[in-house]
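The structure appears below as C-alpha cells.
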Amino acid sequence: MAKGIPELYGSLVFNNRVMRDKLPKDIYRALRKTIENNTHLELDVANSVAIAMKEWAVENGATHFTHWFQPMTGHTAEKHDSFITPIGDGQVIMDFSGKELVKGEPDASSFPSGGLRATFEARGYTAWDPTSPAFIKDRTLYIPTAFCSYSGEALDKKTPLLRSMETLNKEAVKILHLLGKNDVTSVSTTIGPEQEYFLVDKALYEKRKDLIFTGRTLLGAMPPKGQEMEDHYFGTLKPRVSAYMHDLDEELWKLGIPAKTKHNEVAPAQHELAPVFDTANIAVDHNQLTMEMMKKVADRHGLVCLLHEKPFEGINGSGKHNNWSMITNTGVNLLDPGRTPAENIQFLVFLMAVIKAVDEYADLMRVSVASAGNDHRLGANEAPPAIVSIFLGDELTAVLNSIENDTFFGKQQKIQMETGATVLPHFFKDNTDRNRTSPFAFTGNKFEFRMLGSSISVAGPNIVLNTAVAEALRQFYEELKDTPSDQMEEAVHGLVKRAIFNHKKIIFNGNGYTEEWVKEAAARGLYNLKSTSEALPHFIEEKNVALFTGHHIFTREEIYSRYEILLENYCKTLHIEAKTMQDMICREFLPALMEYTDKIAGSLRAKKALLPELSCSSQERLLEKLSVYYEEIFRAEEKLEADTVKAEALTDMQEAAVFYHETVLSDMDALRKAADSVEKYLPDEFLPYPNYEKLLFSV
739 MAKGIPELYG
749 SLVFNNRVMR
759 DKLPKDIYRA
769 LRKTIENNTH
779 LELDVANSVA
789 IAMKEWAVEN
799 GATHFTHWFQ
809 PMTGHTAEKH
819 DSFITPIGDG
829 QVIMDFSGKE
839 LVKGEPDASS
849 FPSGGLRATF
859 EARGYTAWDP
869 TSPAFIKDRT
879 LYIPTAFCSY
889 SGEALDKKTP
899 LLRSMETLNK
909 EAVKILHLLG
919 KNDVTSVSTT
929 IGPEQEYFLV
939 DKALYEKRKD
949 LIFTGRTLLG
959 AMPPKGQEME
969 DHYFGTLKPR
979 VSAYMHDLDE
989 ELWKLGIPAK
999 TKHNEVAPAQ
1009 HELAPVFDTA
1019 NIAVDHNQLT
1029 MEMMKKVADR
1039 HGLVCLLHEK
1049 PFEGINGSGK
1059 HNNWSMITNT
1069 GVNLLDPGRT
1079 PAENIQFLVF
1089 LMAVIKAVDE
1099 YADLMRVSVA
1109 SAGNDHRLGA
1119 NEAPPAIVSI
1129 FLGDELTAVL
1139 NSIENDTFFG
1149 KQQKIQMETG
1159 ATVLPHFFKD
1169 NTDRNRTSPF
1179 AFTGNKFEFR
1189 MLGSSISVAG
1199 PNIVLNTAVA
1209 EALRQFYEEL
1219 KDTPSDQMEE
1229 AVHGLVKRAI
1239 FNHKKIIFNG
1249 NGYTEEWVKE
1259 AAARGLYNLK
1269 STSEALPHFI
1279 EEKNVALFTG
1289 HHIFTREEIY
1299 SRYEILLENY
1309 CKTLHIEAKT
1319 MQDMICREFL
1329 PALMEYTDKI
1339 AGSLRAKKAL
1349 LPELSCSSQE
1359 RLLEKLSVYY
1369 EEIFRAEEKL
1379 EADTVKAEAL
1389 TDMQEAAVFY
1399 HETVLSDMDA
1409 LRKAADSVEK
1419 YLPDEFLPYP
1429 NYEKLLFSV
C-alpha cells in the first residue's frame, strides 16, 4: 500500500525523528546541542552519528555516500564513495567512520576560485554542516557540507552564509537583551524562496542549440498569441503539467522539502512552486535540490524544465522571490508588527534596521542578484526595476511619518471587505496592498526580496541581507547600550526617529515601472545599476569590503576572488551566447533562408518561362525582401563575429564585461531583430528549429 503524505514526508531524510530513534540518548543530546547552539562536535559523537547514519542509509537502499557542497559555480557538486571496505578473502563490509562524515577532500583545483588557488594547489576540504540534515537520493547518502581551500579560504556559498547567520544572531540577541528580552538566546533568519520556471517539450528542446547551450532562445519571433490575454496566470493545469507537478511534489516531500503551492504563472508554459519557510541555510539547500529535482522529474515526463531568467523574448521571464524574516528561539517573528505597530518598540527597531541596511547597501543588494540572465528581467516591466527601493504600505508608512513628525497616529480600524454578494463570508482586508513592482516589499511579517533571478543560488542575496542588517543592529546597539533601562523607550523613540529621517529616501510605495520613478529615484540619490557590468564594481567598494571584513563574512581576498569569478562568469556567458548565435545563423538560419529564396526564385523563373506576360510582382517583392534580409543578417553576423574576437582578446575582465554588454550584446540584439523579422516568411519545413508557437503551446 502506498505511503500517505505524512509517512512519505521526510522519509529519505536523516531528520530529528530518525536521529532520536537511531542514536544513543547522550549522543543525540550532544548532536542537538551542536545543531541548536552552533557548538563544536566531538569526534566520538561524530563516530556514533556516522554508524547510525550509515545503518539508516543502507536500510533505505544506499550504497554510496557523498559530501554535497555548493562551489562558486552557483550549482552543487558531489563525489561519490561506496560504503564498502575490503576485509580479505574477497569479502567486504559496509563501513562509514566519523572522520569520513566530518571531513572530505575533493579536488579544489578545477572549481572557480578567483585567484585564491593556483591550478597546482589542488587540495580542498569539505566539512559536514550538521545543521542541515543528510538525505538519500539515487541510492546515495548526501551529506550537506561547506567547502574550503587547504589554506582555509571559503570556496563556496554555504560557509559565508553560515557566517552571516551567526553574525546576525549575535547582533540581534544583543539588541533584544537591551530591550529586556533576556529569555531570547538565539535569532534565526528564515527564508521561503518562490521558484518560477518554464516547461517545454523535450523533443522540441533538443532541436534548439540555443536552449541546449545557453538556456534561452537567441532567435525566435513572437507567435500571434503570447500572454496578452492573461488567461494562463492561475489557469487550469494541463494534464501533462499537473502530472509533472504531482510527481515533483512527492519527490520533494521525500527529501523533507515543504513544497506548498503550485500554479501557472503569467507567461504561457510558465509555472511556480513555493515552499513553506525554513531556516536560511536549510532553505538554501532545499532550493538547490528543488531546482535539480525540477529538471530530473521533467525528464521523466518527456519535458525540459527551463530555469533561465529570460528563455523567451517578448514574454515574462522567471524570477525567485526571497521571503526573509527573523525568528527568535522563543518563537517570536521580529518583523511582526503586532496589533499596534506604532507602540511595538521591538518591531520598530528591527524594521528600521532593515530599512537602514537596504538604504546603505542597496548597491550590494543589486550585486547579489546580478547575472547576464537577470539583466533581461530587471526593469523590463515584468520584474522589479534595477533601482532598489522598499515598499512598506500605507499604514506602516503613516506610522513612520507620525514618529518622525511627533504627531499622533490613530490605529487604523479593520475594514470589512465588501464584495457586493451577500452570500459570501465576511472577512477583513489586510492593512496593506501588495506591490509587484517593488524590489523589496514588506508583506505583513516579512520582507519579499523580488529581484532574484530564477537560476540563482539564494545564498548570495541572504548573505548580503543578513550582514547588512547585522551591521545596522550593531550600530543601534552602540547608540543604546549605555542607556538606563527606565529611559530606554525614549532613547529608542529618538533612534527610530533619526533613522527614519536618514533613510526614508529608500521607501517608495508607488509604481516602480514608470519613467517618473526613474527620475525621482535619481533625484533621491538612489542607485540605478541597469547591468551586471555596471553593478559588479560596487562589490569591491571600500564601504562594502569593510562591511564584510568587519563581520568576518569574507576576507578581502575572498571578496576580490568572488568579484573576479562573477565578472568571468558574465563574460563567459555572453561569449557562449554569441558563439551559439553565430553557429545557428551560419549553419542553420542562412542556409534555410537561401534554400527558401532559391525555391521562390525557381518558381518565379518557371512561371515567367511558361507565361512571360504573367504578372509576378508579389513574388518579385518577396524575393527582393528575402534577399535584402539575407544581406542584412549576413552583415550583422559578420559584425558580431568580429566583435566577439575583440572581446576574447581583452585581458582586463571589467573592461571585457563592459564591452560584452555594450557591444557584443548590442550586436546580438541587431542580428536577432533581423532574423526574427524574416522568420515570419519562412514556412515550417524551412525553419531550422521549432518556433515559439510550438515551444510555448505544445505541452
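Each residue of the sequence shown is one higher than the one before, starting from 739 at the first, in this note's numbering.
Note that the Cβ used here is the ideal one computed from N, Cα and C, for glycine as well.
Since this is a predicted model, take the numbers as computed values, not measurements.
Under 8 Å between C-beta atoms of residue i and residue j
i     : j     : result
S835  : N907  : no
I1125 : V1234 : no
T883  : A1018 : no
Y935  : L1045 : yes
F821  : V796  : yes
M1031 : L1072 : no
E1295 : E891  : yes
A1330 : F1424 : yes
Y1368 : S1415 : no
A751  : I913  : Note that residue 751 is Val in the sequence shown, not Ala. Cβ atoms of V751 and I913: not closer than 8 Å.
I1338 : L1360 : yes
K895  : G1191 : no
R1115 : G1182 : no
V1230 : L1211 : no
I950  : A1021 : no
L693  : V1402 : No answer is possible for residue 693: the residues shown for the chain start at 739 and end at 1437.
N1240 : F1129 : no
P961  : L1342 : no
Y1308 : D1101 : no
Through-space distance from residue j to residue i, alpha-carbon basis
i     : j     : result
P1275 : G1250 : 25 Å
V1256 : I1245 : 14 Å
S749  : I743  : 10 Å
D1144 : A1261 : 26 Å
H1289 : V911  : 15 Å
T801  : N1204 : 38 Å
D948  : F849  : 25 Å
S902  : V1096 : 16 Å
N1060 : N1025 : 11 Å
H1009 : V979  : 9 Å
A997  : D1422 : 40 Å
F972  : N1002 : 5 Å
F1085 : L917  : 11 Å
H1452 : I881  : Here the chain has residues from 739 to 1437 only, and residue 1452 is not among them.
G1131 : D1407 : 38 Å
D833  : L956  : 50 Å
V1035 : A941  : 16 Å
E1047 : G812  : 14 Å
T923  : E1431 : 57 Å
T1157 : N1429 : Note that T1157 has pLDDT 48, beneath the 50 cutoff, so the model's placement of it is unreliable and no number is given.
K1310 : Q1213 : 40 Å
Y888  : T897  : 15 Å
I825  : R767  : 34 Å
E1216 : E909  : 11 Å
N754  : W866  : 16 Å
Where the alpha helix (DSSP H) containing residue i begins and where it ends
i     : result
A790  : L781 to E797
H1009 : Where H1009 is concerned, there is no enclosing alpha helix (DSSP H), although the beta strand (DSSP E) it sits in stretches over Q1008 to P1013.
K1319 : Strictly speaking, residue 1319 in this sequence is Met, with Lys absent from that position. Note, M1319: alpha helix (DSSP H), R1294 to M1322.
P1329 : L1328 to L1348
I913  : K896 to L916
M810  : No alpha helix (DSSP H) holds M810; DSSP gives it neither H nor E.
M1103 : A1100 to V1105
T1287 : E1280 to G1288
Whole-angstrom C-beta distance between residue j and residue i, which should lie under 8 Å
i     : j     : result
K1058 : E932  : 6 Å
C886  : L879  : Not quite, the Cβ-Cβ distance comes to about 22 Å (not below 8 Å), so this is no contact.
L1041 : V938  : 7 Å
P1122 : P1177 : 4 Å
E1081 : G958  : E1081 to G958, Cβ: 56 Å. No contact.
A1380 : L1388 : At roughly 14 Å, the Cβ-Cβ gap does not stay under 8 Å, so A1380 and L1388 are not in contact.
V1194 : S1109 : One point to set straight first is that residue 1194 is Ile, not Val, in the sequence displayed. Rounded, the Cβ-Cβ distance is 6 Å, consistent with contact.
A1385 : L1285 : Rounded, the Cβ-Cβ distance is 32 Å, inconsistent with contact.
I773  : T905  : No, I773 and T905 are not in contact; Cβ-Cβ is about 19 Å, not under 8 Å.
Unbroken beta strand (DSSP E) run spanning residue i, endpoints
i    : result
A872 : Where A872 is concerned, there is no enclosing beta strand (DSSP E), given that its DSSP letter is neither H nor E.
H818 : H818 to S820
Residue-level contact to chain D via CB, residue i, 8 Å cutoff
i    : result
A790 : Protein chain content of the structure displayed is limited to a single chain, and chain D is not contained in it.
Any non-hydrogen atom of the ligand NAD within 7 Å of residue i CB
i     : result
D1336 : Annotation note on the ligand NAD: not contained in the displayed structure, which lists no ligands.
Would you call the region 1367-1375 in contact with the region 1406-1416, where contact means no fewer than 3 C-beta pairs closer than 8 Å?
yes
Could you say if the region 1094-1114 and the region 1298-1313 meet the contact criterion of at least three C-beta pairs nearer than 8 Å?
yes
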